[in-house]
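Asker: Sequence lines, in order, name chains B and G.
Sequential numbering of the first sequence, starting at 808, is according to this note's numbering.
Sequential numbering of the second sequence, starting at 1455, is according to this note's numbering.
Where a beta carbon is used, it is the ideal one built from N, C-alpha and C, also for glycine.
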Amino acid sequence: MKTVTLAALVLLGGLFPAACTGGREAGRGIAGTITLPEAGSPFIAFDIWVKVGSQNDPAGKEGLAALTARLLADGSTRTDRYQQILEKLYPMAASYGASVDKEMTVFRGVVHRDNLEPYYTLLRNALLEPAFSEEDFARVKAQVMNYLERGRRFQRDEELSKELLYWMAYRGTAYEHPEEGYVKSVESITLDDVKDFYRKFYLRNNIVVGVGGGYPDGFVARVRRDFDALPEGEVAPVAAPHPKMTDGVKVLIVEKQTDATAISMGFPIPLLRSDSDYVAMMLVNSWFGEHRNSFSHLYQVIRERRGMNYGDYSYIEPFPRGYTTQERPVNYDRRSNLFEIWIRPVSRMSADDLHDRALFATRAAWRELKKVVDEGLPPDQVERTRRFLHNFSVTYGSTVLRRLAYRIDDAFYAMPDPGYLGMIRPELAKLTPEKVKAAIDRNLQADDMWVVYITADAEGMKKKLLSGAPTYIRYAGKPPAEIRAEDDEITHLPIPVGEDDIRIMDISEVFETGS
Amino acid sequence: MKKLSALALLVLTALAAAPPTGAQEAKGIFPFEFKRVDLDNGFRAYLIKAGAPGQIAYVSMVRTGARDEVEPGRTGYAHFFEHMMFRGTKKYPNYDGVTEKIGAARNAFTSNDMTVFYLVAASEYLERIMDLESDRFQNLDYSEQGFRTEAGAVLGEYQNGAYSPFSVLDRAVRETAFRKHTYRHQTIGFEADVRAMPEGYAYSRSFFRRFYRPENVVLVIAGDFDFDRATSLIHKYYDGWQPGYQAPAVPAEPEQTAPRYRTVKYQGRTLPLLSFNWKAPAWNPTDRLAVATEVLGKVAFGTNSDIYRKLVIEQRRVQFLQEGFELQRDPTVVSLTAQVTDPSDVDAVKSEIMEAVARARDRLFDAKVLADTKSAMKYGFLMGLETAQSVAFSLIQPVIDTGTIEAVDDYYRTLETLTPEDIRDAARAILVDRGLTLVTLEQAERGS
Chain B
808 MKTVTLAALV
818 LLGGLFPAAC
828 TGGREAGRGI
838 AGTITLPEAG
848 SPFIAFDIWV
858 KVGSQNDPAG
868 KEGLAALTAR
878 LLADGSTRTD
888 RYQQILEKLY
898 PMAASYGASV
908 DKEMTVFRGV
918 VHRDNLEPYY
928 TLLRNALLEP
938 AFSEEDFARV
948 KAQVMNYLER
958 GRRFQRDEEL
968 SKELLYWMAY
978 RGTAYEHPEE
988 GYVKSVESIT
998 LDDVKDFYRK
1008 FYLRNNIVVG
1018 VGGGYPDGFV
1028 ARVRRDFDAL
1038 PEGEVAPVAA
1048 PHPKMTDGVK
1058 VLIVEKQTDA
1068 TAISMGFPIP
1078 LLRSDSDYVA
1088 MMLVNSWFGE
1098 HRNSFSHLYQ
1108 VIRERRGMNY
1118 GDYSYIEPFP
1128 RGYTTQERPV
1138 NYDRRSNLFE
1148 IWIRPVSRMS
1158 ADDLHDRALF
1168 ATRAAWRELK
1178 KVVDEGLPPD
1188 QVERTRRFLH
1198 NFSVTYGSTV
1208 LRRLAYRIDD
1218 AFYAMPDPGY
1228 LGMIRPELAK
1238 LTPEKVKAAI
1248 DRNLQADDMW
1258 VVYITADAEG
1268 MKKKLLSGAP
1278 TYIRYAGKPP
1288 AEIRAEDDEI
1298 THLPIPVGED
1308 DIRIMDISEV
1318 FETGS
Chain G
1455 MKKLSALALL
1465 VLTALAAAPP
1475 TGAQEAKGIF
1485 PFEFKRVDLD
1495 NGFRAYLIKA
1505 GAPGQIAYVS
1515 MVRTGARDEV
1525 EPGRTGYAHF
1535 FEHMMFRGTK
1545 KYPNYDGVTE
1555 KIGAARNAFT
1565 SNDMTVFYLV
1575 AASEYLERIM
1585 DLESDRFQNL
1595 DYSEQGFRTE
1605 AGAVLGEYQN
1615 GAYSPFSVLD
1625 RAVRETAFRK
1635 HTYRHQTIGF
1645 EADVRAMPEG
1655 YAYSRSFFRR
1665 FYRPENVVLV
1675 IAGDFDFDRA
1685 TSLIHKYYDG
1695 WQPGYQAPAV
1705 PAEPEQTAPR
1715 YRTVKYQGRT
1725 LPLLSFNWKA
1735 PAWNPTDRLA
1745 VATEVLGKVA
1755 FGTNSDIYRK
1765 LVIEQRRVQF
1775 LQEGFELQRD
1785 PTVVSLTAQV
1795 TDPSDVDAVK
1805 SEIMEAVARA
1815 RDRLFDAKVL
1825 ADTKSAMKYG
1835 FLMGLETAQS
1845 VAFSLIQPVI
1855 DTGTIEAVDD
1865 YYRTLETLTP
1875 EDIRDAARAI
1885 LVDRGLTLVT
1895 LEQAERGS
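Okay, here's the thing in structure tokens:
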């Protein structure tokens, strides 16, 4: 198998190949910057990394990091009112936005080189000279509150079930609360809280400036000088989360009026991108549940052969809002991950089968996980998936912004050269079925699991779970004999839960407070 | 099921003779080298040099979507059929297995007017992909059992977002604004029709026979590949495809003569949503009114408009204000959606918006506003031209609505000539009460 250099990979991804090489070296030339020069490109991408995330939210003010970033991205500066900023951005068709995860905040935008100067001025002012106006704060907070009180609970059950899975798995750690916070905690946040948070964390030594694309000579140094105007300061480190493995199966059932059940399940894994097991687990996960790809094994079992729902996938790193995109997210770097199974909403087919079908899908996924844990992947499947990823991974860095963001990720994980995008192919080439099995043994198991359901009649669901009764599904046609034989095994698969293992919550209570 | 924005299209044309890396104004020339291939059976392909070295985007655009679902009880079949296209042929029974081997990123989507299938892969796989794609478009073969199973997946897709207030609102708007035309139903179909799909095997075969024909499909290949070789491959793999497209009789929507108002109660929690919709013409690159209508949405209701500034930024009486003035293949509605912060303020917000609508009919927008809007469109397009896939996708609307990509030049010429008077004329023609459908979605008593 041929190995490729990082430069080649980068070239494959974008329209405007880099005219000069050594972006990483250049990036290291100026402290506090990460650069990706692609001189032929008409675009300039910014990925400005502030080393603060929801883990830094004070107790009772969960959501403060996210609200702060949003106010900076959607607020006035000391030079321009918010509406003037919109007016200036409009003819450029450009914008900037913030993304806040557990560990990091990133301000991101792309501009055509014709508009670099006026755009950069706006972006710089937004981050370095925010006005913190009461009007902007009221507008942004009201929008967030609307999302927390209504949108999060009523727009996408499948996304909510994922957030609840993380909430359960990380109880008692700095990763516990959703990045946007709780209804009550955000309600309590004042403009002074935001200003304090900004002063505490938006420090020159706490920000890494990422710039990529066709920027002019000297530009990066200038940007860095601008950011160096921020004060320096100490940021107290946050202890890495060490989530406890659940003892057995723990279930959360959220009661909601619906005709379909959203399902998420998972458990903590000791795996980071920088670990030696990572590419082996990337392969295992790709075979088992590659995001929104129909050859994912789970997809084949639950959707392709049985038509139970729209798709079934698994993850070894966070993948928020996966329903909107097939592209892997960038800049969701964490010091702890879950192995996560996403079973998309399973619809009722008749008046009485909503829970039977949800439990059947759970059992089917669980059974497949057990098989992988016990048996590993057959050599031909390792080979097949290796070949797929060898080709498919080239699409990860499709745009200059994505390539730049991967470099930021590399910095977070202190990835050695050639970085994440460059290491996938050579590391895949080194894998053997034995190495893959060893990685499975170190990372996966099928006994301890957090499970979330969002469904109607939660009490009925609980009773059904506790009864251990088999849960059959009916088919619109007559399935082949081997499917029916497999179904017999699935329906009887035990889900070992007791009364104390199941918690029921009404949708109106979800993420109301941190308790 | 995404709708490609007309914005992308507008700007495409604005690029004109500029090299792909520049933003200079020039006219009438698509920025990338391209070639058109027409076969005797009506099949058309565009070959475009764009994107990264060593990659291609292979995009098959079928000019059939939910609008073509004219038979009662059969809504949702264009989308359902998109799913069935992945269920294999006699030659390649396992479509997914082949695309997996070449590591292609591939998917498809369906909307009102189109079904689009795409793969992004290394250029070396061009023939493999053409073999695979031409085969399934001509020789799709699936069992009734496979069909019934897939129907379950489609129901699952229906459920993914069916309870969101925005989905509920969209259904209400369509059913209120359209009485005859097939834009009345969402692309996913009416729920009852989706639930009845397992029994529709024979109908699905007729769908394939009537619509998956060479005269109704345009192929766009963008990327790094040799045009001559691709041309001979197109002959090799598509020449034998038998024509036989049967255009459906899509019913024309009768002219609306009076405003329509409807209130919908939402069973979950939501702030009130207001959806203003006005009847509008079909997308037409040479029609001043059609092009001016799309521009009108931005200048009158976009992020730079007076009403946006007042309601969103200054008074904060709405959570958002979103215009949707992109036109479609058939006459449609253009829309303006707002979410009201205080439920008791709904009527007052309605009045504010209707006053802004009246002002748009009376005033002449500043020439600078129009120029800024054209600039926004140009750069919006330029920023989207980064990958082979995004270049191919930027051509979807002209292909679907006219069968050609050359239509973009006409569109650009029309856009360039628009004056503030044209925008006012569009407001006077479109933003009229007799063409209005106003749907209000409110939370039921106490949302659960």
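(1) What does the Cβ neighbour count give for B:K1051, buried or exposed, with the cut at 16 atoms within 10 Å?
(2) Jot down the residue ranges of each uninterrupted alpha helix (DSSP H) in the stretch 1693 to 1759 of chain G, minimum 4 residues, whole runs only, in chain order.
(3) Look up G:A1575 in the DSSP assignment and say whether it is helix, strand or coil.
(4) So, with DSSP's three-state summary, where would you put G:E1777?
(5) Could you spell out where the beta strand (DSSP E) holding B:I1311 opens and where it closes?
(6) How is the alpha helix (DSSP H) around G:H1537 delimited, first residue to last?
(7) Pull up the CB-CB distance for B:I837 and B:G1017, whole angstroms please, since I reckon it's below 8 Å.
(8) Measuring CA to CA, which of G:A1504, G:D1595, G:D1826 is closest to G:F1681?
(9) So which residues on chain G does B:V1061 lean against when the C-beta distance must stay under 9 Å?
(10) Taking only runs of the alpha helix (DSSP H) that begin and end inside the stretch 1209 to 1261 of chain B, which ones reach a length of at least 4 residues, in chain order?
(11) Would you say G:A1898 reaches chain B, if we count a Cβ-Cβ gap shorter than 8 Å as a contact?
(12) Any idea which residues DSSP pairs B:V790 with across the strands?
(13) Taking the C-alpha atoms as reference points, what is the distance between G:H1635 and B:L843?
(14) So does the stretch 983 to 1001 of chain B actually touch the stretch 911 to 927 of chain B, counting three or more Cβ pairs closer than 8 Å?
(15) At the level of alpha carbons, what is the spacing between B:G1284 and G:M1568?
(16) Any C-beta of chain B sitting closer than 8 Å to the C-beta of G:K1481?
(17) Which of the three DSSP states is assigned to G:T1795 in this structure?
(18) When you compare the CB of B:A807 with every CB in chain G, is at least one pair closer than 8 Å?
(19) May I have a chain-ordered list of the alpha helix (DSSP H) segments no shorter than 4 residues that lie completely inside the stretch 1085 to 1121 of chain B?
(20) List, in chain order, every chain G residue whose beta-carbon is nearer than 8 Å to that of B:T884.
(21) Find out if the Cβ-Cβ distance for the pair B:N1100, B:P1152 is shorter than 8 Å.
(22) Please classify B:S1071: does DSSP put it in a helix, a strand, or coil?
(23) Unbroken beta strand (DSSP E) runs of length 3 or more, entirely within the stretch 987 to 1065 of chain B: which are they?
(24) Does the beta carbon of G:M1837 sit closer than 8 Å to a beta carbon anywhere in chain B?
(25) Give every residue of the same chain whose Cβ lies closer than 7 Å to the Cβ of G:E1598, excluding the five residues on either side of it in the sequence, and list them in chain order.
(26) Starting from B:Q1133, trace the alpha helix (DSSP H) both ways and give me its first and last residue.
(27) In terms of alpha-carbon separation, which member of G:A1499, G:F1779, G:D1863 lies closest to G:V1787?
(28) Looking at the unbroken alpha helix (DSSP H) that takes in G:R1590, where does it start and where does it end?
(29) Residues in its own chain within less than 7 Å of B:E941 by CB, not counting five upstream and five downstream?
(30) Beta-carbon within less than 6 Å of G:R1664's beta-carbon, same chain only, minus the 5 sequence neighbours each way: which residues are those?
(31) Can you give me, in chain order, the residues of the stretch 916 to 942 of chain B that have a beta carbon less than 9 Å from any beta carbon in chain G?
(32) Which residues does DSSP list as the beta-bridge partners of B:S1154?
(33) Could you tell me whether the Cβ of B:I1302 comes closer than 8 Å to any Cβ of chain G?
(34) Report yes or no: do the stretch 1256 to 1271 of chain B and the stretch 1307 to 1320 of chain B share at least 3 C-beta pairs separated by less than 8 Å?
(35) Roughly how many angstroms lie between the CA atoms of B:P1048 and B:Y977, to the nearest whole one?
(36) Anything in chain G within Cβ reach of B:R1210, meaning under 9 Å, just list it in chain order.
Answerer: Let me spell this out:
(1) exposed
(2) 1742 to 1755
(3) Annotated three-state conformation of G:A1575 is strand, per DSSP.
(4) strand
(5) 1309 to 1313
(6) 1531 to 1538
(7) Not a contact, Cβ separation roughly 12 Å.
(8) G:A1504
(9) Going along chain G, no residue has its Cβ under 9 Å from B:V1061, so there is no contact; the nearest lies around 12 Å.
(10) 1226 to 1237, 1240 to 1250
(11) no
(12) Since the first residue shown for chain B is 808 and the last is 1322, residue 790 of chain B is missing from the structure and cannot be characterised.
(13) Distance between the alpha carbons of G:H1635 and B:L843 is about 51 Å.
(14) no
(15) 30 Å
(16) Low local confidence applies: a pLDDT of 46 at G:K1481 is under 50, so the model's placement there is unreliable, with the coordinate-based value given in what follows. Taking Cβ atoms only, chain B never reaches closer than 8 Å to G:K1481, which makes this a no.
(17) coil
(18) Given that chain B is displayed from residue 808 to residue 1322, the structure contains no residue 807 of chain B and the question cannot be resolved.
(19) 1085 to 1096
(20) Within chain G, no residue comes near B:T884; the closest Cβ sits about 14 Å away, beyond 8 Å.
(21) no
(22) strand
(23) 1014 to 1020, 1056 to 1062
(24) Yes, contact with chain B.
(25) Y1655
(26) Taken as a continuous stretch (DSSP letters only), B:Q1133 belongs to no alpha helix (DSSP H), as it is neither H nor E.
(27) Looking at the Cα atoms, G:F1779 is the closest of the given residues.
(28) 1580 to 1593
(29) L998
(30) Q1700
(31) Against chain G - using a Cβ distance shorter than 9 Å - the residues of the stretch 916 to 942 of chain B are V917, V918, H919, R920, D921, N922, E942.
(32) For B:S1154, which the question treats as bridged, DSSP gives the partners B:A1067.
(33) Taking 8 Å as the CB threshold, B:I1302 stays off the interface with chain G.
(34) yes
(35) 8 Å
(36) Those within 9 Å of B:R1210 in chain G number zero; the least Cβ separation is about 11 Å.
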